[in-house]
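Report on the structure given below.
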Amino acid sequence: MISAERYLAPTSLVQALAALADDGGATVLAGGTDLMPQSHAGRVRPARTLLNIRRVSGLDGITQDDGALRIGTLTTVATLLSHPLVRAHAPLLADAADHFASDQIRNAATMGGNLCNASPASDLATPLLALDAEVELAALADAGAVRTRRVALADFFAGPGRTQRAADELLCAVRVPLAPAGQRTRFYKGGTRPGLDISTISIALAAQRSSAGVLAGVRIALGAVGPTPVRARRAEAMLEGQAPDANAIERAAACAAEKATPIDDVRASAWYRRELVHNMTRRMLTDVCHP
Ligand SMILES: Cc1cc2nc3c(=O)[nH]c(=O)nc-3n(C[C@H](O)[C@H](O)[C@H](O)COP(=O)(O)OP(=O)(O)OC[C@H]3O[C@@H](n4cnc5c(N)ncnc54)[C@H](O)[C@@H]3O)c2cc1C
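Sequential numbering of the sequence shown, starting at 1004, is according to the working numbering.
Dropping the structure here:
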């Protein structure tokens, strides 16, 4: 159980950032669907202060500006699934949300919590990596001003449960470039059940395909096959600017599987995970290239 000495539920960003900047820091609580079970199991020890950010104004909502969607950190998985802007401009994210847990969890689980928890099996990390997303981090600067910085999601994860977020920073939003014309996307989640299961592996694929079948902006992101979700950049480069036939697709899928460095665990062996990456990448690429 959570044994914090102090509980704060601020309503402004400045108040929340001040709590994070305080000596001893604070543990952020959003939906609690990771934090609660992890604390109950003794896997994480929260800081002295528990900081509930759910009442902080400005951390929710989805807007379109400057060629991107800006998705507030408190946006739930249920909202990602149904929001018209997400469905129109980042359908890959809505697709991944459709494979996420149960309705009860989707209604509580936030996008920011999913990314800050930094699980290698995060189901939102792979689509967001394939969509070239950036995270917006905020901290308190001198004289109480708010300082923000953007980090490419590809650089955000540092290891299982670890990110580039500094202890005094709050993840405020994620920016997702609007899908370019002709972009095709696919999401695959491997597990014993379609939704309510931790991914055995996940793959997110995005690419534009011209009428001549030439691919551009190829992105392949892999989850649950290494310490962090990753892009299979060599496989992407093999396909970029090409109109790949079945042999080229097979070579790229094999290359993506080489990027996987999975472990054996209760859900699957490393061998099986690599085979899944190989076979499902081939299937998804074939689907996108030869519809
Ligand atoms: C039954 C069940 C099923 C699940 N199924 C899935 C699934 O299918 N796919 C999947 O990917 N995950 C799944 N999860 C995990 C979890 O639901 C998600 O990771 C969820 O998105 C976490 O969001 P949250 O708001 O609940 O985060 P919280 O539990 O509130 O926080 C998670 C971590 O992030 C930190 N944090 C939260 N928000 C911020 C912020 N804005 N800035 C800085 N730090 C922050 C917290 O301090 C904590 O360390 C499941 C969990 C359960 C219990």
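The C-beta atom is built at its ideal place from N, Cα and C for all residues, glycine as well. Just so it is clear, the structure is predicted and the values come from calculations on it, not from any experiment.
Is Q1186 buried or exposed, if buried means 16 or more other CB atoms sit within 10 Å of its CB?
-> Position 183 of the sequence shown, counted from the start, is the residue given in the question as residue 1186. Buried is the call here.
Any heavy atom of ligand 1 closer than 7 Å to the Cβ of S1272?
-> Here residue 1272 refers to the residue found at position 269 when the sequence shown is read from its first residue. No.
Going straight from the alpha carbon of I1108 to that of D1101, what length do you get?
-> Numbered from 1 along the sequence shown, position 105 holds the residue referred to as residue 1108. Numbered from 1 along the sequence shown, position 98 holds the residue referred to as residue 1101. Each residue's alpha carbon lies about 12 Å from the other.
In whole angstroms, what separates the C-alpha of G1027 from that of R1009?
-> Along the sequence shown, read from residue 1 onward, the residue named residue 1027 stands at position 24. Along the sequence shown, read from residue 1 onward, the residue named residue 1009 stands at position 6. Their Cα atoms are separated by approximately 11 Å.
Can you tell me which of the three DSSP states Q1245 falls into?
-> Taking the sequence shown and counting its residues from 1, one reaches residue 1245 at position 242. Q1245: coil per DSSP, three-state reduction.
Starting from the Cα of S1213, find the closest Cα among V1291, V1089, G1164 and give me that residue.
-> Walking along the sequence shown from the start, residue 1213 turns up at place 210. Here the closest residue by C-alpha is V1291.
Give the DSSP-derived three-state secondary structure of V1233 in the structure shown.
-> Walking along the sequence shown from the start, residue 1233 turns up at place 230. Strand, per DSSP.
Does any heavy atom of ligand 1 sit closer than 7 Å to the C-beta of P1040?
-> Position 37 of the sequence shown, counted from the first residue, corresponds to residue 1040. Result yes, Cβ under 7 Å from ligand 1.
Look at the alpha carbon of S1085 and the alpha carbon of M1241, and state the distance between them as a whole number of angstroms.
-> One-based indexing of the sequence shown puts residue 1085 at position 82. One-based indexing of the sequence shown puts residue 1241 at position 238. Straight-line Cα distance between these residues: approximately 34 Å.
Since Q1370 is in the alpha helix (DSSP H), which residue starts that stretch and which ends it?
-> No information on residue 1370 is available, as it lies outside the stretch 1004 to 1294 that the chain covers here.
Would the C-beta of T1052 count as close to ligand 1, meaning under 7 Å from any of its heavy atoms?
-> Along the sequence shown, read from residue 1 onward, the residue named residue 1052 stands at position 49. Answer for T1052: no, Cβ out of range of ligand 1.
Would A1141 pass as a contact of L1054 if the rule is Cβ separation under 8 Å?
-> Here residue 1141 is taken as the residue at index 138 of the sequence shown, counted from 1. Here residue 1054 is taken as the residue at index 51 of the sequence shown, counted from 1. The beta carbons of A1141 and L1054 sit no closer together than 8 Å.
Specify whether the region 1106-1120 and the region 1144-1152 touch according to this definition: at least 3 beta carbon pairs, one from each stretch, less than 8 Å apart.
-> no
Sequence-distant residues of its chain with Cβ nearer than 6 Å to A1044 (five each side left out) = In the sequence shown, residue 1044 corresponds to position 41, counting from 1. Contacts found: none.
How would you call G1162, buried or exposed, if buried means at least 16 neighbouring beta carbons within 10 angstroms?
-> Numbered from 1 along the sequence shown, position 159 holds the residue referred to as residue 1162. G1162 is exposed by the Cβ-count criterion.
Return yes when at least one heavy atom of ligand 1 lies under 7 Å from the C-beta of D1106, else no.
-> Here residue 1106 refers to the residue found at position 103 when the sequence shown is read from its first residue. No; taking the cut-off as 7 Å, the Cβ of D1106 has no heavy atom of ligand 1 nearer than that.
Counting pairs of beta carbons, one from the region 1253-1260 and one from the region 1177-1196, are three or more of them closer than 8 Å?
-> no
Check whether the Cβ atoms of A1012 and R1058 lie closer than 8 Å to each other.
-> If you number the sequence shown from 1, residue 1012 lands on position 9. If you number the sequence shown from 1, residue 1058 lands on position 55. For A1012 and R1058, yes; Cβs fall inside 8 Å.
Where R1046 falls, given that 16 or more other Cβ within 10 Å makes a residue buried | For the purposes of this step, residue 1046 is identified with residue 43 of the sequence shown, where counting begins at 1. When all chains shown are included, R1046 counts as exposed.
Note the first and the last residue of the continuous beta strand (DSSP E) segment covering R1090.
-> In the sequence shown, residue 1090 corresponds to position 87, counting from 1. Counting along the chain, no beta strand (DSSP E) covers R1090; the unbroken alpha helix (DSSP H) around it starts and ends at 1087-1092.
Nearest candidate by alpha-carbon position, reference L1298, set A1246, D1248, Y1191 = Any property of residue 1298 remains undetermined from this structure, which presents the chain solely from 1004 to 1294.
Taking the C-alpha atoms as reference points, what is the distance between P1049 and D1135?
-> Here residue 1049 refers to the residue found at position 46 of the sequence shown. Here residue 1135 refers to the residue found at position 132 of the sequence shown. The alpha-carbon atoms of P1049 and D1135 are separated by roughly 31 Å.
CB T1284 to CB I1204, shorter than 8 Å?
-> Reading the sequence shown from its first residue, position 281 is the one you call residue 1284. Reading the sequence shown from its first residue, position 201 is the one you call residue 1204. Contact flag unset, no.
Would you say F1103 touches ligand 1, meaning its beta carbon is less than 7 Å from a heavy atom?
-> What you label residue 1103 is simply residue 100 of the sequence shown in a count that begins at 1. Result yes, Cβ under 7 Å from ligand 1.
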